[in-house]
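Participant:
Number of protein chains: 2
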Amino acid sequence: MDTEKVFSYKEPEENSGYLLWQVTMKWQLNMNRALGKMSLTLTQFSLMAGLYWLSQKQHTVTQQQLADYANTDKMMTSKVLMTLEKKQFLERVKDSGDSRAKRLKMTEKGTQTLREAYQVVKQVDDVFFKNVAKDKAVFDDLLIRLIK
Amino acid sequence: MDTEKVFSYKEPEENSGYLLWQVTMKWQLNMNRALGKMSLTLTQFSLMAGLYWLSQKQHTVTQQQLADYANTDKMMTSKVLMTLEKKQFLERVKDSGDSRAKRLKMTEKGTQTLREAYQVVKQVDDVFFKNVAKDKAVFDDLLIRLIK
DNA sequence: TAAATTTAGTAGTTACGACTACTAAATTAG
DNA sequence: CTAATTTAGTAGTCGTAACTACTAAATTTA
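Those protein sequences? They're chains E and B, same order as listed. Position in the first sequence counted from 1, then plus 337, gives you our numbering. Position in the second sequence counted from 1, then plus 337, gives you our numbering.
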């Protein structure tokens, strides 16, 4: 029989990684439920937001550039962008300079949807982070140190 | 043309939710890569760990009880437990009292694998949380407040 | 400049994670 | 006691998320 103990702590709650995971799962669930009312997923929203931000910085945005910016896997990004194109939230046009690349351009419908979605996201975030609002600077700093 | 701005901040990095998501994604990726070497996923590890912890507290553990404890969806939990049974890490026996329920019992092989997996997880956590180690108490407190 | 390497994107696989919908058994209520 | 409701678990779907493997085009280098 196996009697030697397995863990160096008694409860999962003593583990930062476990807590981090639980919190993010809850946040993600809230986000997806809220965004679901407008037929968007969190990932779809994030890529649209990323495209919006990147477009402010540079004239053209390719799928690869967006994936790099959003820290998403390029294969997954490709699939989600196809979905977003089908929904007519953006266009994927062959780049004139590099014929391998797809240039991304948000449509008017996409921008409007993003604007509405952001109001929903903001609302969820306000409620979710209410209990740590006064420590936002500390919290964000800790998270930034973890991303490196 | 749409000129009204969409976001109330300039960079995603100003948003706690976005940071939280990015950090957890990175943590999860590190965990899954490390656990992958022993053919385990993070979710499989978590449910095995949850079963181990719950088994310390109570004589019998059902799938539903484990799902409640781990805060996982019962449908997903059911599938992952079937996978873990196939791998012979645990047994799912019909409960004698409640014939709807499946009683979960970790096998010797499961316990041994969990022990090895935990060493891997511990190692990944030590590296991942290195930069915030001295603030662990603050960080954990913030996360606990977010779970409520 | 031809060959080797890198880059941009797609296809298909495995495993969650959140669903709806379902079966069957247990519990509660009238 | 029987009907209504709740509970435990399974089946199948959709959308990531991380892969391997692939095509084709651009770039490097020998």
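From the three backbone atoms N, C-alpha and C, an ideal C-beta is built for every residue, glycine too.
Does the distance from the CB of N408 of chain E to the CB of Q365 of chain B come in under 8 Å?
Facilitator: Result no, Cβ atoms of N408 of chain E and Q365 of chain B do not sit closer than 8 Å.
Participant: Using the DSSP secondary-structure output, state which residues sit across from A428 of chain B in a beta bridge.
Facilitator: In the sequence as presented, Ala is not what sits at residue 428 of chain B; that position holds Glu. The partner list for E428 of chain B (beta bridge, DSSP) reads B:K442.
Participant: Where does T399 of chain B fall in DSSP's three states?
Facilitator: Strand, per DSSP.
Participant: In terms of alpha-carbon separation, which member of E:N352, E:L357, E:G373 lies closest to E453 of chain E?
Facilitator: Among E:N352, E:L357, E:G373, the Cα nearest to that of E453 of chain E is on E:G373.
Participant: Using only CA atoms, which one of B:D405, B:L377, B:E348 lies nearest to G387 of chain E?
Facilitator: G387 of chain E has its Cα closest to that of B:E348, out of B:D405, B:L377, B:E348.
Participant: According to a CB-to-CB cut-off of less than 9 Å, which residues of the segment 361-383 of chain E neighbour chain B?
Facilitator: Going along the segment 361-383 of chain E in chain order, one finds T361, M362, K363, W364, Q365, M368, L379, S383 with a Cβ nearer than 9 Å to chain B.
Participant: With a Cβ-Cβ cutoff of 8 Å, do K411 of chain B and A404 of chain B count as a contact?
Facilitator: Against a cut-off of 8 Å, the Cβ pair of A404 of chain B and K411 of chain B comes out as a contact.
Participant: Is the shortest distance between the beta-carbon of T414 of chain E and the beta-carbons of chain B less than 8 Å?
Facilitator: With 8 Å as the cut-off, T414 of chain E does not count as an interface residue toward chain B.
Participant: Does the count of Cβ pairs from the segment 423-430 of chain E and the segment 459-476 of chain E closer than 8 Å reach three?
Facilitator: No: the two stretches stay apart, fewer than three of their Cβ pairs being nearer than 8 Å.
Participant: Nearest to K473 of chain B by alpha carbon, out of E:G434, E:Y406, E:E350, E:S383?
Facilitator: The candidate whose alpha carbon is nearest that of K473 of chain B is E:E350.
Participant: Straight-line CA distance for L308 of chain B to D478 of chain B?
Facilitator: The displayed coordinates of chain B run from 338 to 485. Any statement about residue 308 of chain B would go beyond what the structure contains.
Participant: Alpha carbon to alpha carbon, how far is Q425 of chain B from M419 of chain B?
Facilitator: For Q425 of chain B and M419 of chain B, the distance between alpha carbons rounds to 10 Å.
Participant: From B:Y346, B:L391, B:V457, pick the residue whose C-alpha is nearest to that of W390 of chain E; which is it?
Facilitator: Of the candidates B:Y346, B:L391, B:V457, the one whose C-alpha sits nearest the C-alpha of W390 of chain E is B:Y346.
Participant: Under the rule that 16 or more other beta-carbon atoms within 10 Å means buried, what is K485 of chain B, buried or exposed?
Facilitator: K485 of chain B is exposed by the Cβ-count criterion.
Participant: Give, in chain order, every residue of the segment 399-424 of chain B whose Cβ lies closer than 7 Å to some Cβ of chain E.
Facilitator: Against chain E - using a Cβ distance shorter than 7 Å - the residues of the segment 399-424 of chain B are N408.
Participant: If you follow the alpha helix (DSSP H) that F382 of chain E is part of, which residue opens it and which one closes it?
Facilitator: Unbroken alpha helix (DSSP H) run through F382 of chain E: 379-394.
Participant: Could you pull the start and end residues of the alpha helix (DSSP H) that G373 of chain E belongs to?
Facilitator: Looking at the DSSP string, the run of the alpha helix (DSSP H) that includes G373 of chain E is 353-373.
Participant: If you drop the 5 nearest sequence neighbours on each side, which residues of the same chain put their C-beta closer than 7 Å to that of K446 of chain E?
Facilitator: These residues qualify, in order along the chain: Q425, F426.
Participant: Thinking T399 of chain B and K442 of chain B are a contact (beta carbons under 8 Å), I'd like their distance in whole angstroms, please.
Facilitator: Contact doesn't hold; Cβ gap of about 11 Å is too wide.
Participant: Report the CB separation of T448 of chain E from V417 of chain E in whole angstroms; it is logged as a contact under 8 Å.
Facilitator: Actually they do not touch by this definition, with Cβ atoms about 17 Å apart.
Participant: When Cβ atoms are compared, which residues of the segment 427-447 of chain B fall closer than 7 Å to chain E?
Facilitator: Cβ contacts with chain E: E445.
Participant: Applying a beta-carbon distance threshold of less than 7 Å, which residues of chain B neighbour V469 of chain E?
Facilitator: The answer, in chain order, is L479, R482, L483.
Participant: Leaving out five residues before and five after L356 of chain B in sequence, what residues of the same chain have Cβ atoms less than 7 Å from its Cβ?
Facilitator: Contacts found: E350.
Participant: What are the start and end residues of the alpha helix (DSSP H) that includes D477 of chain B?
Facilitator: Unbroken alpha helix (DSSP H) run through D477 of chain B: 473-484.
Participant: Please classify A371 of chain E as buried or exposed, where buried requires at least 16 neighbouring CB atoms within 10 angstroms.
Facilitator: So A371 of chain E ends up on the buried side.
Participant: In the DSSP assignment, the alpha helix (DSSP H) including V417 of chain B goes from what residue to what residue?
Facilitator: Where V417 of chain B is concerned, the enclosing alpha helix (DSSP H) stretches over 411-423.
Participant: For V343 of chain B, does the three-state DSSP call read helix, strand or coil?
Facilitator: Three-state result, V343 of chain B: coil.
Participant: Please state whether DSSP places D405 of chain E in a helix, a strand or coil.
Facilitator: In the structure shown, D405 of chain E sits in a helix (DSSP, three-state: H, G or I).
Participant: Quick one: what does DSSP say F465 of chain E is sitting in, helix, strand or coil?
Facilitator: In the structure shown, F465 of chain E sits in a helix (DSSP, three-state: H, G or I).
Participant: Do you know whose CA, among B:L451, B:S433, B:V457, B:I481, lies nearest E341 of chain E's CA?
Facilitator: Comparing Cα-Cα distances from E341 of chain E to each of B:L451, B:S433, B:V457, B:I481, the minimum goes to B:L451.
Participant: Using 8 Å as the threshold, is the C-beta distance between M362 of chain B and V458 of chain B below it?
Facilitator: No, they are not a contact pair.
Participant: State yes or no: is the C-beta of S415 of chain E within less than 8 Å of the C-beta of F476 of chain B?
Facilitator: Not in contact: S415 of chain E and F476 of chain B (Cβ atoms no closer than 8 Å).
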